[in-house]
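Number of protein chains: 2
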Amino acid sequence: MQNFEFHNPTRVIFGTGQIAALAKYIPANARVLMLYGGGSIKTNGTYDEVRAALAGHTVLEFSGIEPNPRYETLMQAVELVQGEKIDFLLAVGGGSVVDGTKFIAAAALYDGDAWDILKIGGKVVKAALPFGAVLTLPATGSEMNSASVVSRAATQEKRAFMSPHVYPRFSVLDPAKTLTLPLRQVGNGVVDAFVHTTEQYLTYPANAPVQDRFAEGLLQTLLELGPQVLARPDDVEVRANIMWTATMALNGLIGVGVPQDWATHGVGHELTALFGLDHAQTLAIVLPGILQVRREAKRGKLLQYAERVWGLDASQGSEEERIDAAIGNTRAFFEQMGVPTRLSGYGLGAPAIDATVAALEAAGMTGLGERRDITPADVRRALQLSL
Amino acid sequence: MQNFEFHNPTRVIFGTGQIAALAKYIPANARVLMLYGGGSIKTNGTYDEVRAALAGHTVLEFSGIEPNPRYETLMQAVELVQGEKIDFLLAVGGGSVVDGTKFIAAAALYDGDAWDILKIGGKVVKAALPFGAVLTLPATGSEMNSASVVSRAATQEKRAFMSPHVYPRFSVLDPAKTLTLPLRQVGNGVVDAFVHTTEQYLTYPANAPVQDRFAEGLLQTLLELGPQVLARPDDVEVRANIMWTATMALNGLIGVGVPQDWATHGVGHELTALFGLDHAQTLAIVLPGILQVRREAKRGKLLQYAERVWGLDASQGSEEERIDAAIGNTRAFFEQMGVPTRLSGYGLGAPAIDATVAALEAAGMTGLGERRDITPADVRRALQLSL
């Protein structure tokens, strides 16, 4: 296990009906800006519940934060925050709204060109407005971490930043608020949480048994609950457990002291930036190919994954057979969740691979993965396996 | 899963050599009181490392905090804190030193008789001095939680309190500092972490698969590493993983949203108060009997424990046989760790059971466990199984 520092100060308020308690976590005299997306929170009741809970607060609103939130949109919110002397932000929505709010929180107090935060990175962030979140879509883990991903429409760039200043002060996780999600988003969420876990687990053995067991537990839970949520979309207990799994998959805990990969995310971000695919769709395309291309570097963990997550021990085939089966099962699970794992499933072909590889090269992302040695040629081979 | 709130603000700084970084986590102008126990930190080098790291700080010392820290001793430290205008505490030691420091931190700012904190409970605590910890003995989890257990010698009472004000600001976990521990304390630590986990896991099914998988992962890890640490006491990697397991076993995470038992701890505290047994020794005596006496109430989770932790599935015997085997294996593991699981192993017999049951009744602890229905008669039967 490598040395590490772990500090996650986000307060999680979990369970059906918890939005009603919101007011006590926001200073009474705060000028609050409530941020949300396209309006689904108005049809599923979340909007009314939040407004009712904050009846005693001064609340302004900013809506229209897109999936893969855009820098251009977020900068309009920054202007509103500064003009209206807002001092507390409340994100109400999924990972995109929370990610966008993190950027706004940092940009509002940043002295300089706010694009620096995404261009140079979170180290330029010295302060951020306090904010909380009401989560409506379990997937990204943004509700309990310090990371944010923002896209710039003008340049087709998708960039991330991390800063300890942008942990949410609190996040309310009410699983009942996820019952009205379209199944496409439900499937996407399960795939997203699954790949967040593999990015921190399918690397090389680092003698970190707790982190391994926790990661395996999250993967096993997603394999159990994924089919259940599709079969019984009204089961709030299943929703609750998926929600908690997605939070735990990317709150830093399973990643302490171990190598991390993130090549699948790096490539996936380019696919979203270029072709507008959902984030999880890109992960479902990229991961199986990356695992195949990296099977030697990841051999030890792939065999452990095959055995502990898929029940494939030495009695069930050669090493090569077990690795192939584990990767094949992973692809089949994503498909089962309604997320196609091949470029052709989205009407894309070989030219998309050329464009993605070119974009990676243009961005200088030429050494990806836990050993920083995944080349654009490797990425090309990985994507060709998912044509 | 039950609704819950989770907030753990402790910063963990983990790994060999991390004590050197201590100074940056303590305000430069703080008046620091360094608290420790019987002096083992002076022979294993921890004392010198801490003093060197804090060379630029004003540091006073208070030593002599006992295992099962005594109220009487801690109140002397409170007097020193108040007299010397101390504004930051640093616990250097194991769970007893950290627990004692939590009490001192709260008592120093408490307006009234400090015994209230233990008599009435942590809700009377409205503030506490900030403090950090340098951990030298992995076992109690106190380094990353808000609980403290204190004994009053004069009345043979052992009482606990919890308060969100007594989370350590930080804890430095350097596994190399545990290499010189006597094997008795190593075995005790493994048993302590194991029983912390079972107290939050072996209750009744609550449809909380993440918490279950995490708890099972910690138990599996302890079963793997326990024998390794005895066989290779110089292996710092094994020490590191045991240290992280013990922290995760009681930092609140595996207990969110699920029922909790704590009967074994309740009975164990009385055994320590009456007979001076090590904390882990009492747990090793009490747990196997409690599991037997509660086998009906705990049937579902005992079978899950048998299957997932001990590999005993339906092909390996009847339900009764698997439950008996799982409980028997648990007892055998504690013995393997050098911790006797029978009262006779400590020179105690039936009169000790009478005294323990009488003490529970006197303290009003007549309804223990996850359903608050474990009676003194149940405790008597449980202890009789460990004569």
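Same order as they appear, the protein sequences are chains A and B.
The opening residue of the first sequence carries number 800 in my numbering; numbering runs sequentially from there.
The opening residue of the second sequence carries number 800 in my numbering; numbering runs sequentially from there.
C-beta atoms are modelled at their ideal positions from N, C-alpha and C, and glycine is treated no differently.
- Message: Can you pull out the residues from the region 962-990 of chain B whose beta carbon lies closer than 7 Å to at least one beta carbon of chain A?
- Response: none
* Asked: In terms of residues, what are the limits of the alpha helix (DSSP H) holding residue 1046/B?
  -> In the second sequence, the residue the question calls residue 1046/B occupies position 247. 1035-1048 is the extent of the alpha helix (DSSP H) around residue 1046/B.
According to the Cβ coordinates, are residue 939/B and residue 911/B closer than 8 Å? Sequence index remark: in the second sequence, residue 939/B carries index 140 (1-based). Sequence index remark: in the second sequence, residue 911/B carries index 112 (1-based). No, the pair does not count as a contact, with Cβ atoms beyond the cut-off.
_Alpha-carbon to alpha-carbon, residue 1024/B and residue 1006/A_ = Against the first sequence, residue 1006/A aligns to sequence position 207. Against the second sequence, residue 1024/B aligns to sequence position 225. Each residue's Cα considered, the two are about 11 Å apart.
Using 8 Å as the threshold, is the region 976-990 of chain A in touch with the region 970-982 of chain B, meaning 3 or more CB pairs across them? no
How about residue 963/B and residue 945/B: do their beta carbons lie closer than 8 Å? As a working note, residue 963/B is residue 164 in the second sequence. As a working note, residue 945/B is residue 146 in the second sequence. Their beta carbons are under 8 Å apart, which means residue 963/B touches residue 945/B by this criterion.
- Using 8 Å as the threshold, is the region 929-937 of chain B in touch with the region 982-1001 of chain B, meaning 3 or more CB pairs across them? yes
- Based on Cα-Cα distance, which residue from 1186/A, 988/A, 876/A, 943/A lies nearest to residue 809/A? Indexing the first sequence from 1 puts residue 809/A at position 10. The candidate whose alpha carbon is nearest that of residue 809/A is 943/A.
TODO: Scan the region 1055-1101 of chain B and note each continuous alpha helix (DSSP H) run of 4 residues or more that stays entirely inside, going in chain order.
DONE: 1062-1074, 1078-1092
Practice problem: Identify whether residue 864/A lies in helix, strand or coil by the three-state DSSP scheme. | Solution: Counting from one through the first sequence, the residue named residue 864/A turns up at place 65. Residue state, collapsed to three classes: coil.
Does any residue of chain B bring its CB to less than 8 Å from the CB of residue 958/A?
One-based indexing of the first sequence puts residue 958/A at position 159. It does not; no Cβ of chain B falls within 8 Å.
- From what residue to what residue does the alpha helix (DSSP H) around residue 918/B run? Locating residue 918/B in the second sequence gives position 119, counting from the first residue. Run containing residue 918/B: 915-918, per the alpha helix (DSSP H) assignment.
Next on the checklist: Spatial neighbours of residue 1105/B within its chain, please: C-beta separation below 6 Å, excluding the five flanking residues on both sides.
Outcome noted: Taking the first residue of the second sequence as position 1, residue 1105/B is located at position 306. If we look at residue 1105/B and ignore the five residues flanking it on each side, its Cβ neighbours are 1111, 1121, 1125.
Nearest-angstrom Cβ-Cβ length linking residue 1097/B and residue 1018/B, presumed shorter than 8 Å
As a first step, residue 1097/B must be located in the second sequence, where it is residue number 298. As a first step, residue 1018/B must be located in the second sequence, where it is residue number 219. The pair is not a contact, with the Cβ atoms about 15 Å apart (cut-off 8 Å).
Check your understanding: Closer than 8 Å, CB to CB, is residue 995/B near chain A or not?
Key -> Walking along the second sequence from the start, residue 995/B turns up at place 196. It does not; no Cβ of chain A falls within 8 Å.
* Asked: Could you give the residue range of the beta strand (DSSP E) that holds residue 1178/B?
  -> Numbered from 1 along the second sequence, position 379 holds the residue referred to as residue 1178/B. Run containing residue 1178/B: none in the beta strand (DSSP E); it sits in the alpha helix (DSSP H), 1175-1183.
Could you tell me if residue 1146/B is buried or exposed, where buried requires 16 or more neighbouring beta carbons within 10 angstroms of its beta carbon? Counting from one through the second sequence, the residue named residue 1146/B turns up at place 347. It counts as exposed.
Top-ranked residue by Cα proximity to residue 1080/B, from 990/B, 827/B, 918/B | Position 281 of the second sequence holds residue 1080/B. Comparing Cα-Cα distances from residue 1080/B to each of 990/B, 827/B, 918/B, the minimum goes to 990/B.
| message | Counting C-beta neighbours from all protein chains within 10 Å, is the total for residue 1016/A 16 or more, i.e. buried, or is it exposed? | response | For the purposes of this step, residue 1016/A is identified with residue 217 of the first sequence, where counting begins at 1. With 16 or more other Cβ atoms within 10 Å, it is buried.
When you compare the CB of residue 1017/A with every CB in chain B, is at least one pair closer than 8 Å? If you number the first sequence from 1, residue 1017/A lands on position 218. Yes, its Cβ sits closer than 8 Å to a Cβ of chain B.
| At a Cβ threshold of 8 Å, is residue 937/A touching chain B? | Stepping through the first sequence from its first residue, residue 937/A is reached at position 138. With 8 Å as the cut-off, residue 937/A does not count as an interface residue toward chain B.
- Does the region 1039-1056 of chain B come close enough to the region 1149-1156 of chain B to have 3 or more Cβ pairs within less than 8 Å? no
Query raised in the report: What are the partner residues of residue 1133/B, as DSSP defines its beta bridges?
Result: For the purposes of this step, residue 1133/B is identified with residue 334 of the second sequence, where counting begins at 1. The partner list for residue 1133/B (beta bridge, DSSP) is empty, contrary to what the question assumes.
Endpoints, alpha helix (DSSP H) assigned at residue 850/B: The sequence position of residue 850/B within the second sequence is 51, counting from 1. Residue 850/B -> alpha helix (DSSP H) spans 845-852.
Review point. Does residue 1020/A come within less than 8 Å of chain B when only Cβ atoms are used?
Key: As a working note, residue 1020/A is residue 221 in the first sequence. Taking Cβ atoms only, chain B reaches closer than 8 Å to residue 1020/A, which makes this a yes.
Going along the chain, which residues of its own chain have a beta-carbon closer than 7 Å to the beta-carbon of residue 1134/A, five neighbours each way excluded? Locating residue 1134/A in the first sequence gives position 335, where the first residue counts as 1. Cβ neighbours of residue 1134/A beyond the five flanking positions: 1140.
request  = Can you check DSSP and say which residues form a bridge with residue 946/B?
outcome  = Here residue 946/B is taken as the residue at index 147 of the second sequence, counted from 1. BP columns for residue 946/B point to 961/B.
| said: Between 827/A, 1170/A, 863/A, which has its C-alpha nearest residue 854/A's C-alpha? | reply: By one-based count along the first sequence, residue 854/A stands at place 55. Checked all of 827/A, 1170/A, 863/A; the closest Cα to residue 854/A is 827/A.
When the distance is taken between beta carbons, is residue 832/A closer than 8 Å to residue 891/A? Locating residue 891/A in the first sequence gives position 92, where the first residue counts as 1. Locating residue 832/A in the first sequence gives position 33, where the first residue counts as 1. No.
Item checked: Burial state of residue 1129/B, where buried means 16 or more other Cβ atoms lie within 10 Å -> The residue labelled residue 1129/B in the question sits at position 330 within the second sequence. Buried.
**Request:** Closer than 8 Å, Cβ to Cβ, to anything on chain B: give me those residues from the region 801-817 of chain A, in chain order.
**Result:** 801, 802, 803, 804, 805, 806, 807, 808, 809, 810, 811, 812, 813, 814, 815, 816, 817
Margin query: Just to confirm before moving on: does the CB-CB distance between residue 1084/B and residue 1070/B stay below 8 Å?
Written below: In the second sequence, residue 1084/B corresponds to position 285, counting from 1. In the second sequence, residue 1070/B corresponds to position 271, counting from 1. Going by C-beta atoms, residue 1084/B is nearer than 8 Å to residue 1070/B.
Practice task
Give the DSSP bridge partners of residue 830/B, in chain order.
Solution key: Within the second sequence, residue 830/B is the residue found at index 31, counting from 1. 857/B, per the DSSP bridge assignment.
* **When 999/A, 957/A, 884/A, 1032/A are compared against residue 1161/A, the one with the closest alpha-carbon** => In the first sequence, the residue the question calls residue 1161/A occupies position 362. Measuring from the Cα of residue 1161/A, the nearest candidate turns out to be 957/A.
Within this structure, are the beta carbons of residue 950/B and residue 1026/B separated by less than 8 Å? As a working note, residue 950/B is residue 151 in the second sequence. As a working note, residue 1026/B is residue 227 in the second sequence. It is not a contact, given that the beta carbons lie outside the stated cut-off.
Check your understanding: Skipping 5 residues on each side, what residues in its chain have a beta carbon closer than 8 Å to that of residue 836/B?
Key -> Within the second sequence, residue 836/B is the residue found at index 37, counting from 1. 862, 863, 864, 865, 866, 892, 893, 895, 896.
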